[in-house]
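Residue numbers (this note's numbering): 607 to 910.
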C-alpha cells in the first residue's frame with residue numbers, strides 16, 4: 607500500500623469531484639521540507655542542451671520536499687504514478703525524461719535540487735517530470751526528480767501554487783524512523799556483501815558526524831543485532847588531498863561510524879574501521895557529482 611498525498615491538500619481550491627492523489631512509495635522517509643511564500647521558481651520544460659534546461663518562471667508559494675526510499679525502486683517506477691495523477695487532474699506534462707535524455711550534468715546542475723544528504727542524484731540513474739495546470743488564479747505546477755543512490759532511491763517534489771494559497775508544512779522527520787533489519791540496506795549487505803551508507807555527513811576536514819540521528823546506522827545496528835555472529839568492516843573512502851593525510855582522515859571517519867554503532871549496543875569486537883583514502887573510487891573524479899559519490903562510508907561484510 608502506497609502513502610498518498612491528496613492534491614486537494616497540497617493545492618487548496620483544486621479539489622475535484624474525486625480528488626486526485628499524489629503517490630509516494632511505501633517506506634519513504636521524509637528528509638526535507640521547505641516552504642517559500644510568494645517566491646519564484648524556474649520550472650524546467652525541456653532537456654538541457656549545452657547549458658541549463660529551458661524553464662518557465664512561475665510566481666507563487668514554492669514548496670520543496672524530499673524523501674529517501676529503501677529497496678531502491680527504479681526512478682521511472684517512482685514517477686509513473688505521479689505522472690498518472692497529474693494527467694487525471696488535467697495537468698499538461700511538459701517534461702518527462704531520464705538521465706542523458708534530460709541533459710545529464712547540465713540538467714542536474716541547471717535546476718533547483720536540494721543538497722545531500724537530503725537529496726542525492728546519480729547522473730546516470732535519474733528521471734525528471736514537470737507538469738502544469740493553469741487556473742483562474744494562476745498556474746499550479748509540479749516538478750519531480752527521482753534518482754537511485756546506492757541501495758536507496760531519492761525523490762524530490764517541487765510544487766508551485768498561486769499566492770494566497772499557502773500550504774501548511776511540517777518540519778522534516780528527525781526521529782528514528784524505525785527501519786527494520788529487512789530493509790534495502792540489509793538486503794544489499796546479504797546480496798552484495800557491502801553497502802554505501804546514506805546520510806553520513808562530515809564537515810570538510812573533520813571526523814565528527816554532523817547528524818544526531820542517521821537512519822542508515824539505525825538499520826545497520828538492527829541488522830547486526832538480529833544475529834550475534836554478524837561482523838562488519840566499516841571503511842571510508844575519499845578522493846581529494848594527499849594520500850597519507852587522506853587515509854588518516856578517512857580512518858578517523860570510519861572510527862566515528864564505528865563508535866556510533868557501539869553506542870547503539872553493538873560490541874566493538876564485531877566491528878573494524880579502515881580508511882581507504884582515495885584508493886577505491888567508484889566514479890570519475892572530474893565532476894562534482896563524481897567526487898560526491900566517492901566521498902562515502904561503506905559497510906563491508908568480511909569475506910563478502
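Quick reminder that beta carbons are idealized off the backbone N, C-alpha and C, glycines included.
Computed from a predicted structure; not experimentally measured.
In the three-state DSSP reduction, residue 707 falls in the helix class (H, G or I).
The Cβ atoms of residue 705 and residue 730 sit closer than 8 Å to each other. Residue 814 is not a Cβ neighbour of residue 840, given a cutoff of 8 Å. Minimum Cα-Cα distance from residue 650 among the listed residues 737, 762 and 743 corresponds to 737. Around the beta carbon of residue 657, fewer than 16 other beta carbons lie within 10 angstroms, which makes this residue exposed. Residue 765 sits in a strand when the DSSP states are folded into three classes. Per DSSP, residue 731 lies in no alpha helix (DSSP H) segment and is marked neither H nor E. In the DSSP annotation of this structure, residue 655 is not part of any beta strand (DSSP E), being labelled neither H nor E. Residue range 661-675 is occupied by the beta strand (DSSP E) that includes residue 667.
The Cβ atoms of residue 854 and residue 881 sit closer than 8 Å to each other.
Within a 10 Å sphere around the beta-carbon of residue 759 sit 16 or more other beta-carbons, which makes this residue buried.
Around the beta carbon of residue 821, 16 or more other beta carbons lie within 10 angstroms, which makes this residue buried. With the rule of 3 Cβ pairs closer than 8 Å, the segment 637-646 does not count as touching the segment 692-704. Taken atom to atom, the span from the alpha-carbon of residue 740 to that of residue 700 is near 13 Å. In this structure, the alpha-carbon of residue 684 lies about 42 Å from that of residue 850. Beta-bridge partners of residue 715 (DSSP): none assigned. When the alpha-carbon of residue 711 is set against those of 764, 659 and 793, the nearest one is in 659.
Residues of the same chain with a CB within less than 7 Å of the CB of residue 709, apart from the 5 flanking positions on each side, are 653, 654, 655 and 659 in chain order. In the three-state reduction of the DSSP assignment, residue 720 falls in the coil class, being assigned neither a helical nor a strand state.
In this structure, DSSP gives residue 866 a helical state, which the three-state scheme calls helix.
Between residue 673 and residue 761, the gap from beta carbon to beta carbon is short of 8 Å. Judged by beta-carbon spacing, residue 817 lies beyond the 8 Å limit of residue 870, meaning their Cβ atoms are not closer than that value. One alpha carbon belongs to residue 725, the other to residue 742, and they sit about 34 Å apart. By alpha-carbon distance to residue 903, the top candidate from 823, 868 and 873 is 823. Beyond the five residues adjoining it in sequence on each side, residue 876 comes within less than 6 Å, by CB distance, of 837 in the same chain, given in chain order.
Annotated three-state conformation of residue 683 is helix, per DSSP.
Less than 8 Å divides the Cβ of residue 681 from the Cβ of residue 733.
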